[in-house]
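Protein chains in written order, with our numbering: chain A, 1 to 498; chain B, 1001 to 1553. Before any comments, here is the structure.
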Amino acid sequence: MTTISKNTRRDFLRNLGGTLCAGGASAFLPQLNLIGSALAASSSPGAFTDYRALVCIYLAGGNDSWNMLMPQDATRHAVYAAARSGVYNATTNAAGLAIDLPQLTASQITDSATGKFYALNPGNPGDTDVHRGMLDLRTLYNAGHVAFLPNIGTLIRPITKTEYNSTPALRPPQLYSHNDQENLWQLGQTTESGQGWGGKVADRVRLDNVNQGLSPCISIAGSNRFQVGASTFPYQMSSGGVSALQGVYNNAGSTGGTYGAQRAAALDQLLGDSSSSLLQSEYASVFKRSRDLYDLLSTALAANTLTTVFPANNSLADQLKMVARMIKLSRNSAGTVAHKRQIFYVRFGGFDLHDGLMSTGNGGQAILLQRVSQAMSAFYTALGEIGAGVQNEVTSFTMSEFARTLASNGNGSDHAWGSVQMVMGGAVNGGRLYGTFPDQTLNNAISFSRGQTIPSTSVDQMGATLARWMGVTDSVQLNTIFPNLTNFATNNLGFMQP
Amino acid sequence: MNRLLSMRALALCLTCAVVPSLQARIYDTINRSNFDPLPATDVVASDADAARFLTQATFGPTRAEITRLRSLGYSLWIDQQLSAPPTLARPFMDAVNTALVAGGQTIGHNQRLDRWFYTAAYAPDQLRQRMAFALSQIFVISDQNGTLSGEPIQVTEYWDMLARDAFINYRTLLGDVTYNPSMGKYLSHFRNRKAATGREPDENYAREVMQLFSIGLIERNLNFSPLLNAGQPIATYDQNVITNYAKLFTGFNYSDATTIFNGTNTYLAMTCIATEHDVTLKTVLDGMTIAAGQTCAQDVSDGLNIITAHPNVAPFISRQLIQRFVGSNPSANYIQRVAQKFQNNGSGERGDLGAVIKAILTDSEARGAPTATSGKLREPLLRLTAMWRAFDAQVPPTSAFGEIKMGLTNPTGTYGQRPLGAATVFNFYEPDYQQPGPIENAQLYSPEMQIINESTTFAIANNLYNYSWNSYIGMTTPPTDRPLLDLTSLTSLATPTAMVDEANLRMMYGSMSSNMRTTMINMLTFMTGASTVEKARSLIYIVAISPEAAMQR
């Protein structure tokens, strides 16, 4: 089988050119027909001397973020509690979705921009564990490493409630639908596209990555639109890393038994056969890419372990641990990968809590958010283990298709719109909120009857701020990645240090 | 009987009508070495044609089924399958549970999955079970949800309901799905209450029953193309319709409940508690209204009738069923032909799912020669079941509790699929998924590709390895928790060429390309000194993981 040698950027470009001239296809870069435009738009080679990575933490199902970040002063908490059908009590108010004010003391935070008090999800009542609820993230917030975007969502342009009611064309398409809104969050635009903003950023910042055989976009959570660009397609691995293919020769350490070489030769021949069917060709191409990268990653991962303890029984922690190991091996400029810019994607589900939002069990939101908090905190610690300054090189952020109705449906909440999202990293200007926390009165000027909130900040603004930090500083490029960006007041929300 | 006869007559008409387009397609087709032109009769022209049909219609062709299909012809074979009684799983689960409880144990989803694999591998009602699998990927519930993770028997009953209803009228199926308590729990209309102070009805089922189970988000023509207004698609409903349908789906509880809170946990269809049902007027799809003051049953019936009557249902459901059985990218005409059968089965009935599946499988596009865009990636789990069936896998022993272990209790981890166990209501993959790159650039769809990546290609291959290489009759210390392949059909053959040709028929319905055939013959030839068993195992494994066998065309 072929193995990937450590290519220089020059080799990459030359090889691309050759492939383009030949009109052939590469297993490494499945979208070569589009590479020309991507190269034209790319950053200058040699632009990046440092390492930087984004980690997208997708909270699937629509996180009810109104119970992730709550106003903690008595006045606004009362508004919040009223909108949420009162404080939850399993026996006296099972329909209530609000968390009681006294319970929020331990998880209180202060917005350093306004001086107002908020609280993070405090975990289950009665739990005294120091890592309960989102206390770990509170610690990072207080250290200035976490910021919140308090009412962010999909938008074509800023929209008033009057405009919403009078002009349907101004609404983002298919509001309230899981898969459609997830797509809009990931695409960075409100019209159909196969490409996401992470992939489009990667197209523009990948040229200083030495080993171009490994995509700058790495998913630990399967396929997604976010990481697809014109010349970038995510490499997809599992949180367990890579495993050898059984029964065939992989490398000197994994020979596939007697006749493993014959079987490998046949398989590799079949993976290289052309087909008139694009489905079959694509299957072969993905399989071949897996063969090609196995050797590189199995060796590199074995040499890049971590001692930081990640929480057990936490699939997000498992994924983030693999991200940390990939960062450790990738940022080493003397290593076999030697990347300068990477974008990771992980995913954690279970948030579609039409039922059981306040459950204290493993399916309830408190435990889900506790897992998010503990996993992100362990990840931040692991970055510190990798080396001094690495925490400043990696910025993690959450996305989720929508927040949910403030009003209760009896024991949960339904699909809504504007939401709260988090950004975490040493390069984050943390300890504060960016944007206006919404008035939570039901059916006010920025919300509808069940407390579906109209966003005041666009996904595109968050994405552009992160893209700029990754090195896409040119406004023209930002406006290309996010076609609606010019409709908003600023393309830099200010939550990232330069 | 009348219905069967008229359906048969219709099938003949259909064949007549498609002859011109079929001929046009044949002229366009090159490099066809393995298929004869489709005869304008019901005759199955070759073993390879039979195996191809059975790859579409069953969990994998067997030699015995190939023979039976060839003697019956397509139409009679389908008719027999349409009337074959369902192989039920819930009574089996009940019996095993009784035995387990007597032994101080309890049943779980592991037993449900074992039973599913057993049925897929061995049940006679193959088309019915395949249809249930297809329907389970449209009308999704999942044991990954906390409400169902502890309810293996109830979830099994949901499967049996899909199997019983596989060829029934769509409206009946939609009603059974709506009243099923596992669906009620999964999409949370179970114990959904009418509005009161501080509480509005749950919108979950109201949304997904329209977005995923019936009409989808935008208005469509009979051939599935979007209806446009000034160049823009037209939404089928808005949030107000959701809110109104949410009111309609209130009051459901267990069959013996007398309030919204009591009742015995059961798989029986839910009842509706009148005092918790919203009886206000509801304005639903296309401005239609459901009168105030009706009973819950009348409301639900009216509401589901309105959804079912929407013209989107026929193309929306037909296209997804085609994608599950035949191809990811059916032509607009193919969708329209099937949707027409949905609209009218020939006897004036709309929504006859038996007629729909027959139209799908007998269509010229399913039976004609493959083109570059026809076919689909096989669903990963069906690659395993097909391998078992191709090599007449031996049934594993039965445990003291009556269980038959098939070995896979976490198929998601390897195959990305788990029957009634998807990650979300959007199934393992979406019908509109387009793999970025050449597939999307060609404006093609590739649902199964959504779960195929660098990690899963290896995981699937390694599992197929374990279930072939390490699971065959005659091996030293064979595993007892899975079927064992019978290699004799290959080991009895003398030459690499004969072995490859037999594997080609059994695993690839004779569709193996000449390049691949050469590669496989060479592999066996180069295995100097290998035993026939070693060659047979190598051949099965490499064919099973090959790109050509990952496809069905």
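Where a beta carbon is used, it is the ideal one built from N, C-alpha and C, also for glycine.
Which residues in chain B have a C-beta closer than 7 angstroms to the C-beta of V286/A? List them in chain order. I1452, N1453, E1454, T1457
Is the region 240–252 of chain A touching the region 1458–1468 of chain B in the sense that three or more CB pairs, one from each, lie closer than 8 angstroms? Contact between the region 1458–1468 of chain B and the region 240–252 of chain A is present: three or more C-beta pairs spanning the two stretches fall below 8 angstroms.
For I1452/B, three-class secondary structure by DSSP: coil
For a test of the three-state rule: what should DSSP assign to P1061/B, helix, strand or coil? coil
Just to make sure I have the definition right: I need the residues of chain B whose C-beta is within less than 7 angstroms of the C-beta of S231/A. Which are they? What S231/A touches in chain B: nothing, since even the nearest Cβ is about 10 angstroms away.
Reduced DSSP secondary structure (H/G/I, E/B, other) of Y1118/B: DSSP places Y1118/B in helix when its eight states are reduced to three.
Taking CB distances under 8 angstroms as the criterion, tell me whether A1372/B reaches chain A. It does: the Cβ of A1372/B has a partner Cβ on chain A nearer than 8 angstroms.
Please list the residues of the region 1460–1476 of chain B that have a C-beta atom closer than 7 angstroms to any C-beta atom in chain A, keeping them in chain order. A1461, N1462, Y1465, W1469
Alpha-carbon to alpha-carbon, G1375/B and Y1027/B: Unreliable positioning characterises Y1027/B in this predicted model, as indicated by a pLDDT of 33, which lies under 50. The coordinate reading is nonetheless provided below. Their Cα atoms are separated by approximately 19 angstroms.
Taking Cβ positions, are M1507/B and A1390/B nearer each other than 8 angstroms? yes
With H, G and I counted as helix, E and B as strand and the rest as coil, what does DSSP make of K1194/B? coil
I'd like to know if I1306/B contacts chain A, where contact means its C-beta is closer than 8 angstroms to some C-beta of that chain. It does not: the Cβ of I1306/B has no partner Cβ on chain A nearer than 8 angstroms.
In the DSSP output, which residue or residues are listed as bridge partners for C217/A? I343/A
Spatial neighbours of R263/A within its chain, please: C-beta separation below 8 angstroms, excluding the five flanking residues on both sides. Correct list, in chain order: G247, V248, Y249, G256.
Relative to the C-alpha of A1386/B, which residue among S1255/B, Y1254/B, Q1056/B is closest? Looking from the CA of A1386/B, the closest CA among S1255/B, Y1254/B, Q1056/B belongs to Q1056/B.
Roughly how many angstroms lie between the CA atoms of N1253/B and R1090/B, to the nearest whole one? 21 angstroms
Near R138/A, which residues of its chain fall below 7 angstroms by C-beta distance, leaving aside the five closest residues on each side in sequence? S107, I109, L120
Compute the Euclidean distance between the alpha carbons of R132/A and D1125/B, then round it to the nearest angstrom. 52 angstroms
Use the C-beta contact count for R157/A: other C-beta atoms within 10 angstroms, 16 or more gives buried, fewer gives exposed. exposed
Below 8 angstroms, can you find three or more Cβ-Cβ pairs linking the region 58–77 of chain A to the region 343–352 of chain A? yes
Output the distance between the C-alpha atoms of A1423/B and S1142/B, rounded to the nearest integer angstrom. Spanning the two alpha carbons is a distance of roughly 7 angstroms.
Look at the Cβ atom of N411/A, then the Cβ atom of A95/A, and state whether they are nearer than 8 angstroms. With respect to A95/A, N411/A sits close: the two C-beta atoms are nearer than 8 angstroms.
Hey, is the region 415–428 of chain A in contact with the region 385–393 of chain A, meaning 3+ C-beta pairs nearer than 8 angstroms? yes
Compute the Euclidean distance between the alpha carbons of V1356/B and M1551/B, then round it to the nearest angstrom. About 24 angstroms.
N151/A and P455/A closer than 8 angstroms at C-beta: yes
May I have the straight-line CA-CA distance separating T490/A from L175/A, to the nearest angstrom? Rounded to whole angstroms, T490/A to L175/A spans 24 angstroms at the Cα level.
Between P102/A, G115/A, H145/A, G431/A, which has its C-alpha nearest G126/A's C-alpha? P102/A
From N1229/B to N211/A, what distance separates their C-alpha atoms? 49 angstroms
Within 8 angstroms (strictly less), CB to CB, does H178/A reach chain B? yes
Should the region 437–452 of chain A be called in touch with the region 465–481 of chain A, which here means at least 3 C-beta pairs below 8 angstroms? no
Please report whether the beta-carbon of F1526/B lies at a distance below 8 angstroms from any beta-carbon of chain C. Although the question refers to chain C, the structure presented lacks it and instead comprises the protein chains A and B.
Classify V130/A as buried or exposed, calling it buried when 16 or more other Cβ atoms lie within 10 Å of its own Cβ. exposed
Between the C-alpha atoms of A1292/B and Q1450/B, what's the straight-line distance to the nearest angstrom? 45 angstroms
According to the neighbour-count rule (16 or more other Cβ atoms, all chains shown, within 10 Å of its Cβ), is A507/A buried or exposed? Lying outside 1 to 498, the shown extent of chain A, residue 507/A is not represented and no answer is given.
Closer than 8 angstroms to chain A by CB, M1520/B: yes
Enumerate in chain order the residues of its own chain whose CB-to-CB distance from L1539/B is below 8 angstroms, with the five nearest sequence positions on each side excluded. L1490, M1499, V1500, A1503, M1520, M1523, L1524
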